[in-house]
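Structure record follows, encoded as structure tokens.
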Amino acid sequence: MHIWAVGGGKGGTGKSLVANGLGTHLAERGFKVILVDTDFGGPNQHTYCGIRKPSTSLVQFFEDRKPLDEILLKTKIDGLRLIPGNFNSQNTDCLTVTQKQKLFRHIKNLQADHVILDLGAGTQYDTLDTFLLADVQVAVVAPDALATENFYLFLKNLKYRQLNSALSTLGLRDRSRELWKHRTEFGIATTKDLVAYLRALSAEFSDLFDREQQKLKTHVVLNQVREYRQTEVGVAVTSAVNKFFHIPATYAGHIRYDKDLWQHFGQDTPVIHQGVSFNMRQDLEKITESILKAQAMEVG
Amino acid sequence: MRVSDEGHCRQCLEVSADASMDEITQAYHRLKRIYQDDLAPFSAPSMDEFSEEARGEVLNQIETAYRELCGILATTQPQAHPAPPPTLNASLPVDGAALRKIREAEGLTLDFIAAQTHVRQEYLQAFEEERFADLPHAAVNVRGFLSAYVAEMGLPVDAIVRGYMARYQQWQARQRK
Ligand SMILES: Nc1ncnc2c1ncn2[C@@H]1O[C@H](COP(=O)(O)OP(=O)(O)O)[C@@H](O)[C@H]1O
Ligand SMILES: [Mg+2]
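Heads up: the sequence lines are chains A and B, in that order.
Take the first sequence: its letters are residues 382 to 681, numbered as in this note's numbering.
Take the second sequence: its letters are residues 904 to 1080, numbered as in this note's numbering.
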């Protein structure tokens, strides 16, 4: 089974749309797919799926200890099922580490070919950790300065998260804080310098951090393209992620803006399905295929 | 030794292991265009990562990688003419033939566009072949239909329609003589 996570920082860039499009296309290709709405602050994957009033939700998993199997809902697309997010419940956007780990453990035991996690906005630890846990990491950006800025920040925070988790594992967290606090004494100016210093200090850290970093490898999707020339932004952002943030990134492609999309919400049919918005379906298909190819997950 | 150098250079220029010299040259120009422009839409000037020094360093790496690849490949492939930098703006389609090329590259058929835009397929075809005589008689319809077609493909309507209509009006003027 492959776990996919769709993230990217800014709200409204189209993470949920992309998660849904990936799931829809994979299911139409014959895979068994489960979408999980892990946007604890603002779940709406069910609306993309055309389920207006979900009869179950993750609340039942967290509060009533129901197994995930029992809160799976069918969609009108064969092979595509949904675990709806947390709603009608308070304070569910702050899960404890234990709760979070329990959810991941159970997700890993789901019976499916692909599980797709629709992440929330922002750079909360929850969101970052979930992204890092996935085998297939998809980051969505839109061609404007607001979206790109938050997108880079999201990726940068993923790196920090990896650094901190390596430090914590080895009990080096306080040491590192001290170093940073008195950095001028140690000739440290940037995080890069700090990492170099820590690497020299501990071979164990060096190894562990390398291993952590191998877990981050992202596919970039550019959404809401209104003009042809904006497509270059996708290539440029991907290049910058590689060259400035040193995170291996491949460009999966772009999705055109569909001015009629809003009209398909709030009905009993999936938003992305046969006959609706041809361009968008075509773009989402191309992206899914491109990611499958990059991951070498093609099936014969 | 050489192979790993070449691999490293290709990685720097973001091209695959089997990309041709032409493709490498195109990638080189594209990357230069991306990193030279401080106001590039992908840039995040608020972040240290995008500092002038960082961009300068990347530009140096790109330059070095390109020179090295030219050297390495000159011995195995005939030296290619450097292709002109394919800027998207300059390569933006303005005539019917280019519109058709883009449409086909997107895998869109004329009858699909016709169904989406409610513009008759004969007109769409006349647009692509620039058969102005076969377009609707009122210029306002020509403009409207063309805009719908261009917008459907997600292309910049203003620029393309302006250029196209200029040619159409020249043709009209010639007809009147
Ligand atoms: N390519 C697109 N064309 C038209 N509308 C879009 C497109 N992508 C996203 N939207 C709209 O933008 C809004 C935010 O999208 P959503 O997928 O919920 O983003 P996120 O999950 O990142 O917050 C939604 O109203 C959605 O319909
Ligand atoms: Mg969302």
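Using N, Cα and C, we set each Cβ at its ideal position, and we do this for glycine too.
Check: residue i C-beta below 6 Å from any heavy atom of ligand 2
| i | result |
| --- | --- |
| S549 of chain A | no |
| D507 of chain A | no |
| N418 of chain A | The sequence as given places Asp at residue 418 of chain A; Asn does not occur at that position. Flag unset: Cβ of D418 of chain A not near ligand 2. |
| S438 of chain A | no |
| K396 of chain A | yes |
Below-7 Å beta-carbon distance, residue i vs any chain B residue
| i | result |
| --- | --- |
| T565 of chain A | no |
| V618 of chain A | yes |
| L621 of chain A | The residue you asked about is not Leu; residue 621 of chain A is Ala in the sequence shown. Yes, A621 of chain A lies at the interface with chain B (some Cβ there is under 7 Å from its Cβ). |
| E593 of chain A | no |
| V601 of chain A | no |
| R637 of chain A | yes |
| V614 of chain A | yes |
| E608 of chain A | yes |
| T650 of chain A | no |
| Y429 of chain A | no |
| Y533 of chain A | yes |
| E530 of chain A | yes |
| K483 of chain A | no |
| K624 of chain A | yes |
Check: residue i C-beta below 6 Å from any heavy atom of ligand 1
| i | result |
| --- | --- |
| Y609 of chain A | no |
| G393 of chain A | yes |
| I569 of chain A | no |
| Y533 of chain A | no |
| K457 of chain A | no |
| N604 of chain A | yes |
| I636 of chain A | yes |
| K667 of chain A | no |
| D641 of chain A | no |
Three-state secondary structure assigned by DSSP to residue i
| i | result |
| --- | --- |
| Y632 of chain A | strand |
| G974 of chain B | helix |
| Q964 of chain B | helix |
| A1029 of chain B | helix |
| A943 of chain B | coil |
| R558 of chain A | helix |
| I497 of chain A | strand |
| K455 of chain A | strand |
| T504 of chain A | coil |
| A526 of chain A | helix |
| D1014 of chain B | helix |
| I415 of chain A | strand |
| R610 of chain A | helix |
| T599 of chain A | strand |
| V1060 of chain B | helix |
| H563 of chain A | coil |
| V918 of chain B | coil |
| H1040 of chain B | coil |
Neighbour flag for residue i against chain A, beta carbons, 7 Å
| i | result |
| --- | --- |
| F1030 of chain B | no |
| V961 of chain B | yes |
| I1016 of chain B | no |
| P1039 of chain B | no |
| G1057 of chain B | yes |
| I1063 of chain B | no |
| A1076 of chain B | no |
| I937 of chain B | yes |
| E926 of chain B | no |
| F1035 of chain B | no |
| H922 of chain B | In the sequence under discussion, the amino acid at residue 922 of chain B is Ala, which differs from the His named in the question. For A922 of chain B, the answer is no, since every Cβ of chain A falls outside 7 Å of its Cβ. |
| F1048 of chain B | no |
| A947 of chain B | yes |
| E952 of chain B | yes |
Any non-hydrogen atom of ligand 3 within 6 Å of residue i CB
| i | result |
| --- | --- |
| S658 of chain A | Among the ligands modelled here, namely ligand 1 and ligand 2, ligand 3 does not occur. |
Using 8 Å as the threshold, is the segment 429-449 of chain A in touch with the segment 522-536 of chain A, meaning 3 or more CB pairs across them?
-> Three or more Cβ pairs closer than 8 Å define a contact, and the segment 429-449 of chain A falls short of that threshold against the segment 522-536 of chain A.
For the 8 Å Cβ check, are there 3 or more pairs between the segment 448-462 of chain A and the segment 477-494 of chain A?
-> For the pair of segments examined, the segment 448-462 of chain A was found to touch the segment 477-494 of chain A: the number of CB pairs separated by less than 8 Å reaches three.
Can at least three beta-carbon pairs, one atom from the segment 389-406 of chain A and one from the segment 498-511 of chain A, be found at a separation below 8 Å?
-> Touching, per the Cβ criterion.
Tell me, please, whether the segment 424-439 of chain A touches the segment 452-466 of chain A by the rule of three or more beta-carbon pairs shorter than 8 Å.
-> Between the segment 424-439 of chain A and the segment 452-466 of chain A, the count of Cβ pairs shorter than 8 Å is three or higher; the stretches touch.
Say whether the segment 960-970 of chain B touches the segment 545-556 of chain A, bearing in mind that this needs 3 or more beta-carbon pairs closer than 8 Å, one atom from each stretch.
-> Contact between the segment 960-970 of chain B and the segment 545-556 of chain A is not established, with fewer than three Cβ pairs separated by less than 8 Å.
Determine contact between the segment 618-633 of chain A and the segment 597-605 of chain A, defined as no fewer than three beta-carbon pairs at a distance below 8 Å.
-> Yes, the segment 618-633 of chain A touches the segment 597-605 of chain A.
Is the number of C-beta pairs between the segment 661-670 of chain A and the segment 395-414 of chain A that are closer than 8 Å three or more?
-> Cβ pair count under 8 Å is three or more, so yes.
Does the segment 1046-1056 of chain B come close enough to the segment 1016-1033 of chain B to have 3 or more Cβ pairs within less than 8 Å?
-> Between the segment 1046-1056 of chain B and the segment 1016-1033 of chain B there are three or more inter-stretch CB-CB distances shorter than 8 Å, so the stretches are counted as touching.
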